[in-house]
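Notes follow once the structure below has been shown.
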Amino acid sequence: MTLAGAASITPASADPYDYPWCAQGPSLGYPGECAYRTYEQCLASVSGRYLYCGENPRFLFSEPPPPPPRRYQRRHRTVYPD
0 MTLAGAASIT PASADPYDYP WCAQGPSLGY PGECAYRTYE QCLASVSGRY
50 LYCGENPRFL FSEPPPPPPR RYQRRHRTVY PD
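Per numbering that gives the first Met the number 0, residue 0 is the first one in the sequence shown, and the count goes up by one each step.
Quick look at the structure:
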């Protein structure tokens, strides 16, 4: 019961390519496991594994997202009969 409650308030996991640092190596596909916000987090994860840390190319070369489109509200004129 406690675990079910904790699971329901846990935030949804982020996209695996959202973070700037990736664990990389032959056992992981390109660009690797990009789940680390800092280089230190990545180093801790790859410690003792045949992996290394590299910058996420999707994060490095991505453009900032475009601004959301403007939403125009249709304004209605009140027409009074003569």
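Where is the CB? At the ideal position from N, CA and C, for every residue including glycine. Model, not experiment: these values are computed from the prediction.
(request) Alpha carbon to alpha carbon, how far is Y71 from A13? Give it in angstroms, no decimals. (result) Counting from 1 along the sequence shown, the entry for residue 13 is found at position 14. Counting from 1 along the sequence shown, the entry for residue 71 is found at position 72. Confidence is the limiting factor: at A13 the pLDDT is only 48, short of 50, which leaves the residue's position unreliable, though a coordinate-based value still follows. About 32 Å.
(message) Helix, strand or coil, according to DSSP, for Y29 in the structure here?
(response) Residue numbering aside, residue 29 sits at position 30 when the sequence shown is read from its first letter. Y29: coil per DSSP, three-state reduction.
(request) Would you kindly check if the distance between the Cβ of C21 and the Cβ of G28 is under 7 Å? (result) For this step, residue 28 is matched to residue 29 along the sequence shown. For this step, residue 21 is matched to residue 22 along the sequence shown. No, these two residues do not count as a Cβ contact at 7 Å.
(message) C33 and L42 - do their beta-carbons sit closer together than 7 Å?
(response) As a first step, residue 42 must be located in the sequence shown, where it is residue number 43. As a first step, residue 33 must be located in the sequence shown, where it is residue number 34. Not in contact: L42 and C33 (Cβ atoms no closer than 7 Å).
(request) From the DSSP output, in three-state form, read off Y79 for me. (result) Indexing the sequence shown from 1 puts residue 79 at position 80. Y79: coil per DSSP, three-state reduction.
(request) Measure the beta-carbon distance from S44 to Y35 and round it to whole angstroms, keeping in mind my assumption that it falls under 8 Å. (result) What you label residue 44 is simply residue 45 of the sequence shown in a count that begins at 1. What you label residue 35 is simply residue 36 of the sequence shown in a count that begins at 1. Between S44 and Y35 a beta carbon distance of about 7 Å is seen, short of the 8 Å cut, so the two are scored as contacting.
(request) Return the first residue and the last residue of the alpha helix (DSSP H) that Y51 is part of. (result) As a position in the sequence shown, residue 51 is number 52, starting the count at 1. Not the alpha helix (DSSP H): Y51 falls in the beta strand (DSSP E), residues 51–54.
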